[in-house]
Amino acid sequence: MYYCCGVTEKGVMPHNEDALLIRDTVIDSGSSEQTIAAPFIAAVSDGVSGERSGELASKMCLELIRDMGYTGEAKLDDELLAIHSRLAEYSRSDPEMHNMQATLCGIAIDEQNNILTFNVGDSRLYRYRGGRIRQLSRDQSLVQLLIDEGAISHEERNTYVHRNIIFPVFGNVKSAPKVDTVSIEGGMEYGDLLLLCTDGLSDYVSVLDIEEILELPKSLKTRLHLLVNKALENGSKDNITVIAVVYYE
Numbered sequence: 458m459y460y461c462c463g464v465t466e467k468g469v470m471p472h473n474e475d476a477l478l479i480r481d482t483v484i485d486s487g488s489s490e491q492t493i494a495a496p497f498i499a500a501v502s503d504g505v506s507g508e509r510s511g512e513l514a515s516k517m518c519l520e521l522i523r524d525m526g527y528t529g530e531a532k533l534d535d536e537l538l539a540i541h542s543r544l545a546e547y548s549r550s551d552p553e554m555h556n557m558q559a560t561l562c563g564i565a566i567d568e569q570n571n572i573l574t575f576n577v578g579d580s581r582l583y584r585y586r587g588g589r590i591r592q593l594s595r596d597q598s599l600v601q602l603l604i605d606e607g608a609i610s611h612e613e614r615n616t617y618v619h620r621n622i623i624f625p626v627f628g629n630v631k632s633a634p635k636v637d638t639v640s641i642e643g644g645m646e647y648g649d650l651l652l653l654c655t656d657g658l659s660d661y662v663s664v665l666d667i668e669e670i671l672e673l674p675k676s677l678k679t680r681l682h683l684l685v686n687k688a689l690e691n692g693s694k695d696n697i698t699v700i701a702v703v704y705y706e
């Protein structure tokens, strides 16, 4: 069984372009907590700033994932690219929704508790184990490319002038995204916590702060709200969404 808890918050923005999915539940406001058995998908999505109807893109993306009815038999890469195509087709058909786009980061857990991660854009997946955080996803962004090439350092990530440039994401009408899918070898160990979040959190809360907050002897829901509040205290100018998934026997 898995305990999943998620929070999404518009923060200082006038509306929320983020959304989250936990199995059959898609929300763009407030929180959700569930105790569920596999198979299921948990994911976060962030409407791309500057594009029209980002809030619709993120929610629609997650609703389409929910409606596909995930099982271990699914060819997830193909299913996700089909969802991208539907978003792009929808935006082409309506001038008001032209080029609506959204990032996507999530986990798919099958009937045997195998875990497949997927990512498009710069939302993130972390694993918290033994008091330490490790990023499992890889940002699809110009900054990450420059770091990989040694052109800038990790310390320059948050101050680089073009840090908001990301590669094609879901709904892009010019280029299809590249879906990064990776299996988590061995699945989850007892005590592991998987953390999904949008950049409204990861850009403003350090790994050390995440570790310290997750270590607190408080309910998981309370700790997620503390992470959101920390991002706001640190000046987050974006929507903030976070999901935690815990495995227990």
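Take the sequence shown: its letter number 17 is residue 474 in the numbering used here, and every next letter is one higher. Virtual Cβ for every residue (Gly too), placed ideally from N, Cα, C.
Specify, as a first and last residue, the run of the alpha helix (DSSP H) that residue i falls within.
{"i": "GLY563", "result": "Taken as a continuous stretch (DSSP letters only), GLY563 belongs to no alpha helix (DSSP H), being part of the beta strand (DSSP E) at 561-566."}
{"i": "ALA514", "result": "511-524"}
{"i": "GLY657", "result": "656-659"}
{"i": "VAL469", "result": "Looking at the DSSP string, VAL469 is not in any alpha helix (DSSP H), and its letter there is neither H nor E."}
{"i": "ARG680", "result": "677-690"}
Do you know whose CA, among the options, lies nearest residue i's CA?
{"i": "GLU672", "options": "GLY692, VAL685, GLY526, LEU650", "result": "LEU650"}
{"i": "TYR460", "options": "LEU561, ALA539, GLU668, ALA499", "result": "ALA499"}
{"i": "SER449", "options": "LEU689, MET470, SER640, SER632", "result": "No answer is possible for residue 449: it lies beyond the span of the chain, which begins at 458 and ends at 706."}
{"i": "ILE670", "options": "PHE624, LEU537, LEU681", "result": "LEU681"}
{"i": "ASP579", "options": "LEU658, GLY587, ALA531, GLN491", "result": "LEU658"}
{"i": "GLY468", "options": "VAL703, LEU677, SER542, TYR661", "result": "TYR661"}
{"i": "LYS635", "options": "ILE493, LEU538, ILE522", "result": "LEU538"}
{"i": "ILE522", "options": "VAL483, PRO552, GLU546", "result": "VAL483"}
{"i": "CYS562", "options": "VAL577, ARG586, GLU646", "result": "VAL577"}
Counting only the same chain and skipping the five closest in sequence on each side, list residues whose C-beta sits under 8 Å from that of residue i.
{"i": "GLY529", "result": "PRO496, ASP567, GLU568, GLN569, ASN571"}
{"i": "HIS472", "result": "GLU512"}
{"i": "LYS675", "result": "LEU683"}
{"i": "LYS532", "result": "none"}
{"i": "ALA494", "result": "MET458, TYR459"}
Within a Cβ cutoff of 6 Å, which residues of the same chain sit near residue i, ignoring the five residues on either side of it in sequence?
{"i": "THR698", "result": "THR465, ASP475, LEU477, VAL501, THR655"}
{"i": "GLN558", "result": "VAL505, GLU508, ALA514, VAL626, GLY628, ASN629"}
Locate the beta strand (DSSP E) running through residue i, then write down its first and last residues.
{"i": "ILE697", "result": "697-704"}
{"i": "ASN576", "result": "572-577"}
{"i": "ASP534", "result": "Run containing ASP534: none in the beta strand (DSSP E); it sits in the alpha helix (DSSP H), 533-550."}
{"i": "ALA707", "result": "Given a span of 458 to 706 for the chain in the structure shown, any question on residue 707 remains unanswerable."}
{"i": "GLN597", "result": "Unbroken run through GLN597: none, as it is neither H nor E."}
For residue i, which of helix, strand or coil comes out of DSSP?
{"i": "LEU477", "result": "strand"}
{"i": "LEU671", "result": "helix"}
{"i": "GLU438", "result": "What is shown of the chain runs 458 to 706, which leaves residue 438 out entirely."}
{"i": "SER640", "result": "strand"}
{"i": "ASP485", "result": "coil"}
{"i": "ASP666", "result": "helix"}
{"i": "ARG581", "result": "strand"}
{"i": "VAL618", "result": "The pLDDT assigned to VAL618 is 48, lower than 50, so where the model puts this residue is not dependable, and the model offers no usable value."}
Under the rule that 16 or more other beta-carbon atoms within 10 Å means buried, what is residue i, buried or exposed?
{"i": "ASN691", "result": "exposed"}
{"i": "SER663", "result": "exposed"}
{"i": "ARG581", "result": "buried"}
{"i": "LYS516", "result": "buried"}
{"i": "LEU665", "result": "exposed"}
{"i": "GLN597", "result": "buried"}
{"i": "TYR705", "result": "exposed"}
{"i": "TYR647", "result": "exposed"}
{"i": "ARG591", "result": "exposed"}
Quick check: is any heavy atom of the ligand FMN less than 6 Å from the C-beta of residue i?
{"i": "GLY648", "result": "Among the components of this structure there are no ligands whatsoever, and the ligand FMN is therefore not found."}
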